[in-house]
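Have a look at the structure below, then the notes.
Protein chains: 2
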Amino acid sequence: MLPFARLTIIGLGLIGSSVARAVRAQMPSVRIIGHDADPVVRARSVALGIYDDVTDTAGASVIDADLVILCVPVGAMGSVAAEFAADLPADAIVSDVGSCKQSVVDALTAVLPTATIIPAHPVAGTEKSGPDAGFSTLFKGRWCILTPPEHAPEAAVERLRSFWQQLGADVEIMDARHHDMVLAVTSHLPHLIAYTIVGTADDLEGVTQSEVIKYSAGGFRDFTRIAASDPVMWRDVFLSNKDAVLEMLQRFSEDLSVLQRAIRYDKGDELEALFARTRNIRRSIVEQGQDDDAPDFGRKH
Amino acid sequence: MLPFARLTIIGLGLIGSSVARAVRAQMPSVRIIGHDADPVVRARSVALGIYDDVTDTAGASVIDADLVILCVPVGAMGSVAAEFAADLPADAIVSDVGSCKQSVVDALTAVLPTATIIPAHPVAGTEKSGPDAGFSTLFKGRWCILTPPEHAPEAAVERLRSFWQQLGADVEIMDARHHDMVLAVTSHLPHLIAYTIVGTADDLEGVTQSEVIKYSAGGFRDFTRIAASDPVMWRDVFLSNKDAVLEMLQRFSEDLSVLQRAIRYDKGDELEALFARTRNIRRSIVEQGQDDDAPDFGRKH
């Protein structure tokens, strides 16, 4: 049973093209129309041959769609929706893949007041960007969080749940505000910290950039991966989930001050107690299949 | 040409046992004696069969050695050296693998005032610990930094350089204090931040630990890897390299405050400019062979 027959994807980068590839692999009879604001990305998407058609306008892409998935930076959701609002079929479901959800549902509802909007967030990705970075197994074994508004039709939610499950994801339903708090700590704060430390290292006057790069295997290189993620996407995430990000940042800063003080005053027991505790979280993540147990992420040695 | 014929390794965990395995693979005729303070580790090391002998005391392990490598937490270097000081041959070279160097050279010089001490730091490792975690290719393509004291004999430095090169490492000579500043930013600060954020996430009352684990693929799981590193080793690193770590932490905190303010006041341009800049550092690290270009560290998808 296919939950949807005519899919439109708007935004054909890492996530959008991964959705398209996964649908091609798992639901080959679904018709997929793509659109991207960037003509270079459109041309490349045509060349990749994973879409039935790639349209020049957002409006043309949604005609006849029964599911429209917006895979654009969260700050662009409202303006993209405005572009296709007049062409959207009345019974189409509009969804997205954005990393924050309250701001997205607010933006989409304002522009599409009568549409069925079911926001979604597949918690998956890599640090790569663009139409060539996608792959069909990106969502396998990852969680996809749906944040339906209060009066969303149950049947629409179930169709979207089925869609993501067929792409290999586990689906969870969550309140949009709670989603934004959970992701602030599991995704947004880590990215913010990674961007910061890479910037700090780049600015040092006593240590050269060449040294930072040469000796990055001591731990620093781990942070550079997520700090290589798409700048516009992440700019929008921080601005759109401001309250939760600032709240988590405040807690993190307090905890860092405690550690700073423990180092300054030689409180080795406090340090060791924290370091032993954090090991257990890693173990749980590995046990629950959310990361590989291979040492060093399985990097080649 | 073998730089050393009779190697003693004290501390038989991840790094010590990796040195032993690498020597077995690259210099099979070298005799390797091991010692560890923990009888369980000694028994396991005997069972692994990678040492010619595993002794019950540190003193017994160094008799006849021409190279002694200390692979213990940096805070334990002095006391371990005191244990074998009376048995150390006059012409043996004493080295180590510690993550900070000035405190190690100070501690060793105090206990072994007449010995030839050439501290070393192979910038390599994984988050795993113990005698089973080691492997022979750990140092391949990684940097090993030697920090010889001012009057160290040149010939001894060259023998140790040759030793590490034969294990596959690239060798760099550096002043101990400069080493400690470089590693504070490329290794110690990243570990401190990773430990902190994992602790912060563990303490939240509004988000459950189960949610943190489920949605960790959004970025958080990357931090849990290095936050699973050996607690005692890292306690010692922070206390032994206190000044440089506190200095880097101060810079990081200032930079984080700037980003925090940019988010609070919607300064998207500032965020985007930093995020674009940090991408370039990642690119350089990959280009210089210090990390894999495979998306998501090459994790299976």
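Protein sequence lines, in the order shown, are assigned to chains A and B. Taken in order, the first sequence gives residues 30 to 330; the numbers are from this note's numbering. Taken in order, the second sequence gives residues 30 to 330; the numbers are from this note's numbering. Note that the Cβ used here is the ideal one computed from N, Cα and C, for glycine as well. Because the structure is a prediction, the values reported are computed rather than measured.
Enclosing alpha helix (DSSP H) for residue i [first to last residue]
i	result
I242(B)	Q238 to K243
E301(B)	G297 to E316
I39(A)	From DSSP, I39(A) is part of no alpha helix (DSSP H) but of the beta strand (DSSP E) over R35 to I39.
H220(A)	L218 to D232
V109(A)	M106 to F113
Q319(B)	Premise fails: Q319(B) is in no alpha helix (DSSP H) and is neither H nor E.
A139(B)	Q131 to V140
I255(A)	F249 to I255
L189(B)	E183 to Q195
S47(A)	L43 to Q55
Residue i, enclosing beta strand (DSSP E) - first and last residue
i	result
L77(A)	L77(A) -> not in any beta strand (DSSP E); alpha helix (DSSP H) instead, spanning P68 to L77.
S124(A)	I122 to D125
V287(A)	Careful: V287(A) lies outside any beta strand (DSSP E), inside the alpha helix (DSSP H) at K271 to R293.
Per DSSP, the bridge partner or partners of residue i
i	result
P151(A)	C173(A)
E201(B)	I174(B)
T84(A)	H64(A)
T145(A)	I122(A)
V97(A)	T37(A) and V123(A)
Option nearest residue i by Cα separation, candidates the options
i	options	result
I147(A)	L175(A), V140(A) and Q131(A)	L175(A)
E276(B)	A257(A), G248(A), C129(A) and V236(A)	V236(A)
V266(B)	S132(B), A34(B), D231(B) and R71(B)	S132(B)
S124(B)	A291(B), E283(B), T37(B) and E316(B)	T37(B)
D204(A)	P178(A), P219(A) and R188(A)	P178(A)
T307(B)	A105(A), E183(A), A257(A) and R264(A)	A257(A)
T86(A)	F164(A), K271(A) and A110(A)	A110(A)
A34(B)	R53(B), P324(B), E156(B) and C100(B)	R53(B)
I202(A)	H217(A), S216(A) and A181(A)	A181(A)
E240(A)	M210(B), D284(B) and Q289(B)	M210(B)
E200(A)	R206(A), W172(A), H217(A) and T215(A)	According to the sequence shown, residue 200(A) is Val rather than Glu. Answer by Cα proximity: W172(A).
A119(A)	H220(A), V97(A) and V83(A)	V97(A)
T215(A)	A273(A), A76(A), L99(A) and K296(A)	A273(A)
P57(A)	C100(A), P142(A), R280(A) and S165(A)	S165(A)
G170(A)	A185(A), E187(A), Q195(A) and L189(A)	Q195(A)
C100(B)	A66(B), D82(B) and G78(B)	A66(B)
G318(B)	Y244(A), L141(A) and A105(A)	Y244(A)
Under 8 angstroms by beta carbon: chain B residues contacting residue i
i	result
E301(A)	P260, V261 and R264
P160(A)	None at all; the shortest Cβ gap to chain B is about 14 angstroms.
Own chain, CB closer than 8 angstroms to residue i, minus 5 neighbours either side, in chain order
i	result
G88(B)	E112, F113, A115 and D116
S191(A)	M30 and P32
A213(A)	N270, A273, V274, E276 and M277
A305(A)	none
Neighbourhood of residue i by C-beta, 7 angstroms cutoff - its chain only, sequence neighbours within 5 removed
i	result
Y80(A)	A49, I61, I62, G63 and S74
H208(A)	K130, H150, I174 and T176
T138(A)	I146
F252(A)	A223, I226 and V227
I255(B)	E156, P219, H220 and A223
M262(B)	P102
Neighbourhood of residue i by C-beta distance below 6 angstroms, restricted to the same chain and skipping five residues each side
i	result
D259(A)	S158
L167(B)	S47 and A153
D320(A)	I314
G127(A)	V103 and V133
A291(B)	E299 and L300
Where residue i meets chain A, residues with beta-carbon distance less than 7 angstroms
i	result
F281(B)	T225, I226 and T229
I314(B)	I242, S245, R250 and T253
L233(B)	V214
I39(B)	Those do not exist, as I39(B) stays about 22 angstroms from chain A at its closest Cβ, beyond 7 angstroms.
Contacts of residue i in chain A (Cβ-Cβ under 8 angstroms)
i	result
P219(B)	I226, G247, G248, F249, D251 and F252
E240(B)	V211 and T215
Within chain A, the residues that residue i reaches when beta carbons sit closer than 9 angstroms
i	result
W193(B)	The premise fails here: W193(B) is roughly 15 angstroms from chain A at the closest Cβ pair, so nothing lies under 9 angstroms.
S216(B)	Y244, S245, A246, G247, G248 and F249
F164(B)	P324 and H330
E112(B)	What E112(B) touches in chain A: nothing, since even the nearest Cβ is about 21 angstroms away.
Cutoff 7 angstroms: residue i Cβ touching any chain E Cβ
i	result
K271(B)	Looking for chain E here will not work: the only protein chains present are A and B.
Residues that residue i contacts on chain B, provided the C-beta gap is smaller than 7 angstroms
i	result
I292(A)	F267, L268, K271, V274 and L275
V236(A)	M210, V211 and V214
D204(A)	Those within 7 angstroms of D204(A) in chain B number zero; the least Cβ separation is about 12 angstroms.
Residues that residue i contacts on chain B, provided the C-beta gap is smaller than 9 angstroms
i	result
V152(A)	K243, Y244, S245, A246 and G247
D295(A)	L268 and K271
S319(A)	One detail in the question is off: residue 319(A) reads as Gln in this sequence, not Ser. Per Cβ cutoff of 9 angstroms: I242, K243, Y244, S245, A246 and R250.
A130(A)	Position check: residue 130(A) holds Lys in this sequence, whereas Ala was assumed. Within 9 angstroms Cβ-Cβ: nothing; K130(A) doesn't reach chain B, min ~13 angstroms.
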